[in-house]
Amino acid sequence: MSPRLVVGITGATGAVYGVRLLERARALGVETHVVATPSGVLNAHHELGLDRKALEAKADFAYAPGDVGACLASGSFGTSAMVVAPCSMKTLASVAHGFSDNLLTRAADVTLKERRKLLLMVRETPFNLAHLRNMTAATEMGAIIFPPLPAFYHRPASIDEMVNESVERILALLGFSGAAAKEWTGL
Numbered sequence: 001m002s003p004r005l006v007v008g009i010t011g012a013t014g015a016v017y018g019v020r021l022l023e024r025a026r027a028l029g030v031e032t033h034v035v036a037t038p039s040g041v042l043n044a045h046h047e048l049g050l051d052r053k054a055l056e057a058k059a060d061f062a063y064a065p066g067d068v069g070a071c072l073a074s075g076s077f078g079t080s081a082m083v084v085a086p087c088s089m090k091t092l093a094s095v096a097h098g099f100s101d102n103l104l105t106r107a108a109d110v111t112l113k114e115r116r117k118l119l120l121m122v123r124e125t126p127f128n129l130a131h132l133r134n135m136t137a138a139t140e141m142g143a144i145i146f147p148p149l150p151a152f153y154h155r156p157a158s159i160d161e162m163v164n165e166s167v168e169r170i171l172a173l174l175g176f177s178g179a180a181a182k183e184w185t186g187l
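Mind the numbering: the sequence shown is residues 1 to 187 in the working numbering, read in order.
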């Protein structure tokens, strides 16, 4: 069985991270599952020109946020990891407080309860105290907070290179074979 990755796409800016993650994971032979919120689809359309159908076609399996009876809602459905890319502050708050009101937040809750890796690509600045406390709470439960901050020491020449590097770092951090994050070798 190939490894399984769940990708949640929410209404924060940065839909390109979720889309690129789906594309790259598929290229690595990882089975991909996507749940995009209505706001996530709106941003994917605004930022990338993708409608729901085109966005969901990037994954092997797609689910509606209201489909709380889907396989992703159960810990018996084995997955390797889940990434919410991008992760809105609303979704962060839901995860931090166990408010599983849709399939995306339920899948995140299942990922945590099963002690699997959950990575949240939070997108908001500046952070207010509620954001910081929710990040702390999610971290204490086992989530990884991973804002998409580019590394400039590799001298990226384009936004595309910065997005790709973040995606490779995520896939490597989650342990997917073939991920090729650039390694710092020193000065």
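In this text, a Cβ means the ideal position worked out from N, Cα and C, and glycines have one as well. For clarity, every value in this text was computed on a predicted model and none was experimentally measured.
Going by C-alpha positions, Ser166 is about 32 Å away from Gly69. The alpha-carbon of Ile159 is positioned some 18 Å away from that of Glu124. Within the same chain, Cβ atoms closer than 6 Å to the Cβ of Thr111 are found at Met82 and Leu118, the five residues on either side in sequence being excluded. Nearest to Ala130 by C-alpha distance, out of Val16, Thr91, Ala64 and Val19, is Thr91. In this chain, the alpha helix (DSSP H) harbouring Met135 covers Leu129 to Glu140.
With respect to the 7 Å criterion, Glu56 and Ala62 are classified as neighbours on the basis of their beta carbons. Bounds of the beta strand (DSSP E) holding Thr32 are Glu31 to Ala36. Contact between Glu31 and Arg4 holds, since their C-beta atoms are separated by about 5 Å, short of 8 Å. Rounded to whole angstroms, the Cβ separation of Val7 and Gly18 is 6 Å, and the two are in contact under 8 Å. In the DSSP assignment, Val83 falls outside any alpha helix (DSSP H) and within the unbroken beta strand (DSSP E) covering Ala81 to Cys87.
Residue environment for Arg106: buried (at least 16 other C-beta atoms within 10 angstroms of its C-beta).
Cβ contact annotation for Cys87 (same chain, cutoff 7 Å, sequence separation greater than five): Thr10, Ala12, Leu120, Met121, Val122 and Arg123, in chain order. Excluding sequence positions up to five before and after Gly98, its CB lies within less than 7 Å of the CB of Asp109, all in the same chain and listed in chain order. Residue burial is scored here from C-beta neighbours: Thr136 has fewer than 16 other C-beta atoms within 10 angstroms and is therefore classed as exposed.
In this structure, DSSP gives Lys90 a helical state, which the three-state scheme calls helix.
Beyond the five residues adjoining it in sequence on each side, Lys113 comes within less than 8 Å, by CB distance, of Gly75 in the same chain, given in chain order. Closest in alpha carbon position to Leu171, among Leu187, Pro150 and Ser80, is Ser80.
A straight-line Cα-Cα distance of about 34 Å links Thr37 and Tyr153.
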